[in-house]
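*Asks:*
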Ligand SMILES: *Cc1c(COP(=O)(O)O)cnc(C)c1O
């Protein structure tokens, strides 16, 4: 039996054809027909479940998308940006690229995402302490679980602060019938190796207007002004997705819905097979509106106290010894040494989850038999 991985990329079959076309037509350069095609595929796919038109710019990484989102929102030196603490470091790092300060806000226990009440508390307290409003808010849909968007957006509107939605893990998740990533002023997608779809590496920024998308493309291609020579009036970046990588993305768009369905199936298996097992709880997010997570990763919480003090690290080691990959939940940003100086508004939720949680294999390559094997090892661990 081979190793069971957390979230292995899975090719649909047409990727090779698009990449071959790029070679055959000598478009092995950045930009080209696959980039335009991939962007319009993404737009059409998003617009199926959206209350407005979306414009997508394909970029070299989700991190680049977050960075350009902040550039577009005018975030700069001396600004503060509110960011979910319970996330991967890439949500927060680009704030520092702009010379701004991240302000971390903890999660609520229902979806593991930014707590709307704590968000408001943080905004009011920052305004009192600094005399200035935070410049942007970065909520995350952790593991593809939609955040309490209507409450978060209401707070953002109340204080008129733009939202940069980090939906890097939430491709295919919907909230109130609409795609995650389409609620904020900008939304972030990631096509890294283990995300919902891959371009081997890549990302995108979802915009609300063509003029925003054009401006993002301008920044992503070195901020070249429209002159017969190279004229620069802004600092630019080299952040566009290559035409070869976009070819992989075009193929992946044909299987993305299948991947979402399969990850949901795997999640339902974990839920039903582990129900009633003492000390093991599968995360079932409950948003404030009907929502449909992509279940990018299924996560469990190990309650050591109810199974003789054995904790999630021991379960992870046991599964590892059976060639099954797991991963601890993201370590909250307010606990990271690199962000020790950043202001944080904390309620204990993310730290508690970090101290019990494990992500289980959830990718489209995971078979029903794999799930059986994983579940029986977990049951054995919990003394069932
Ligand atoms: C993966 C990820 C990113 C960054 O995306 P890359 O494409 O890897 O740069 C940002 N935020 C979150 C929450 C992620 O999981």
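In our numbering, the protein residues as written are 246 to 629.
All C-beta atoms in this analysis are idealised placements derived from N, C-alpha and C, irrespective of residue type, glycine included.
Just checking residue 307 against ligand 1 - is the residue's beta carbon closer than 6 angstroms to any of the ligand's heavy atoms?
*Replies:* Locating residue 307 in the chain shown gives position 62, counting from the first residue. It does: the Cβ of residue 307 is within 6 angstroms (strictly closer) of some heavy atom of ligand 1.
*Asks:* Of the choices 604, 576 and 264, whose alpha-carbon is the least far from that of residue 351?
*Replies:* Locating residue 351 in the chain shown gives position 106, where the first residue counts as 1. It is 576.
*Asks:* Using 8 angstroms for Cβ pairs, my map puts residue 505 next to residue 479. What's the rounded Cβ distance?
*Replies:* Counting from one through the chain shown, the residue named residue 505 turns up at place 260. Counting from one through the chain shown, the residue named residue 479 turns up at place 234. Incorrect: roughly 38 angstroms between the Cβ atoms, too far for contact.
*Asks:* Confirm the yes/no value for this check: CB of residue 414, any heavy atom of ligand 1, distance under 6 angstroms.
*Replies:* Translated into the one-based positions of the chain shown, residue 414 becomes position 169. It does: the Cβ of residue 414 is within 6 angstroms (strictly closer) of some heavy atom of ligand 1.
*Asks:* In the structure shown, what three-state DSSP assignment does residue 284 receive?
*Replies:* Position 39 of the chain shown holds residue 284. Helix.
*Asks:* Starting from residue 268, trace the alpha helix (DSSP H) in both directions and tell me its first and last residue.
*Replies:* On the chain shown, residue 268 is found 23 positions in, with the first residue counted as 1. 260-269 is the extent of the alpha helix (DSSP H) around residue 268.
*Asks:* Does the separation of the CB atoms of residue 532 and residue 419 fall below 7 angstroms?
*Replies:* Position 287 of the chain shown, counted from the start, is the residue given in the question as residue 532. Position 174 of the chain shown, counted from the start, is the residue given in the question as residue 419. Their beta carbons are not under 7 angstroms apart, which means residue 532 does not touch residue 419 by this criterion.
*Asks:* Return the CA-CA distance between residue 431 and residue 459, expressed in angstroms with no decimal places.
*Replies:* In the chain shown, the residue the question calls residue 431 occupies position 186. In the chain shown, the residue the question calls residue 459 occupies position 214. Their Cα atoms are separated by approximately 13 angstroms.
*Asks:* Bridge partners for residue 480 per DSSP, in chain order?
*Replies:* The residue you call residue 480 lines up with position 235 of the chain shown. In DSSP, residue 480 forms no bridge with anything.
*Asks:* Roughly how many whole angstroms lie between the Cα atoms of residue 415 and residue 628?
*Replies:* If you number the chain shown from 1, residue 415 lands on position 170. If you number the chain shown from 1, residue 628 lands on position 383. Going from the Cα of residue 415 to the Cα of residue 628 covers about 34 angstroms.
*Asks:* If we ignore side chains and look at the alpha-carbon of each, how far apart do residue 477 and residue 470 end up?
*Replies:* Within the chain shown, the letter at position 232 stands for residue 477. Within the chain shown, the letter at position 225 stands for residue 470. One C-alpha to the other measures close to 6 angstroms.
*Asks:* For residue 522, which residues in the same chain have their Cβ closer than 8 angstroms to its Cβ, ignoring the five residues on either side in sequence?
*Replies:* To locate residue 522, count along the chain shown from 1; it is residue 277. Contacts found: 623, 624, 627 and 629.
*Asks:* Residue range of the alpha helix (DSSP H) that residue 405 falls in?
*Replies:* On the chain shown, position 160 is the one that residue 405 refers to. Residue 405 -> no alpha helix (DSSP H), and no H or E assigned at all.
*Asks:* Comparing the CB of residue 351 with every heavy atom of ligand 1, is any distance shorter than 6 angstroms?
*Replies:* Position 106 of the chain shown, counting from 1, holds the residue named residue 351. Not so, every heavy atom of ligand 1 lies at least 6 angstroms from the Cβ.
*Asks:* Which residues does DSSP list as the beta-bridge partners of residue 526?
*Replies:* As a working note, residue 526 is residue 281 in the chain shown. BP columns for residue 526 point to 546.
*Asks:* Would you please state the rounded distance, in angstroms, between the beta carbons of residue 452 and residue 263? I believe it to be under 8 angstroms.
*Replies:* Indexing the chain shown from 1 puts residue 452 at position 207. Indexing the chain shown from 1 puts residue 263 at position 18. So it is not a contact: roughly 24 angstroms between Cβ atoms.
*Asks:* By the 10 Å Cβ neighbour count, where 16 or more other Cβ atoms means buried, how is residue 362 classified, buried or exposed?
*Replies:* The residue you call residue 362 lines up with position 117 of the chain shown. Exposed, by the Cβ-count rule.
*Asks:* For the structure I just gave you, are there three or more beta carbon pairs, one from the region 304-314 and one from the region 555-570, closer than 8 angstroms?
*Replies:* The region 304-314 is not in contact with the region 555-570.
*Asks:* With H, G and I counted as helix, E and B as strand and the rest as coil, what does DSSP make of residue 495?
*Replies:* Numbered from its first residue, the chain shown carries residue 495 at position 250. Residue 495 falls in the helix class under three-state DSSP.
*Asks:* Using the Cβ count rule (16 or more neighbours within 10 Å means buried), how would you classify residue 606?
*Replies:* As a working note, residue 606 is residue 361 in the chain shown. By the neighbour-count rule (16 or more Cβ atoms within 10 Å), residue 606 is buried.
*Asks:* My assumption, with CB atoms under 8 angstroms, is that residue 454 sits in contact with residue 383. Please give the rounded CB distance.
*Replies:* Indexing the chain shown from 1 puts residue 454 at position 209. Indexing the chain shown from 1 puts residue 383 at position 138. Contact flag wrong, Cβ pair sits at about 20 angstroms.
*Asks:* On the premise that residue 423 lies in contact with residue 295, defined as a C-beta separation below 8 angstroms, what is that separation, rounded to the nearest angstrom?
*Replies:* In the chain shown, residue 295 corresponds to position 50, counting from 1. In the chain shown, residue 423 corresponds to position 178, counting from 1. Right, their Cβ atoms sit about 6 angstroms apart.
*Asks:* Leaving out five residues on either side along the sequence, give the residues of the same chain with a beta carbon under 8 angstroms from the beta carbon of residue 610.
*Replies:* Here residue 610 refers to the residue found at position 365 when the chain shown is read from its first residue. Taken in chain order, the residues that qualify are 250, 253 and 255.
*Asks:* Against chain C, does residue 412 count as a neighbour if the rule is that its beta carbon must be under 7 angstroms from one of theirs?
*Replies:* No chain C is present in this structure, which holds just one protein chain.
*Asks:* Given a cut-off of 7 angstroms, decide if residue 267 and residue 501 are closer than it, judged by their beta-carbon atoms.
*Replies:* Here residue 501 refers to the residue found at position 256 of the chain shown. Here residue 267 refers to the residue found at position 22 of the chain shown. No.
*Asks:* Shortest alpha-carbon distance to residue 257 belongs to which of 318, 277, 436 and 503?
*Replies:* To locate residue 257, count along the chain shown from 1; it is residue 12. For residue 257, the nearest C-alpha among the options comes from 503.
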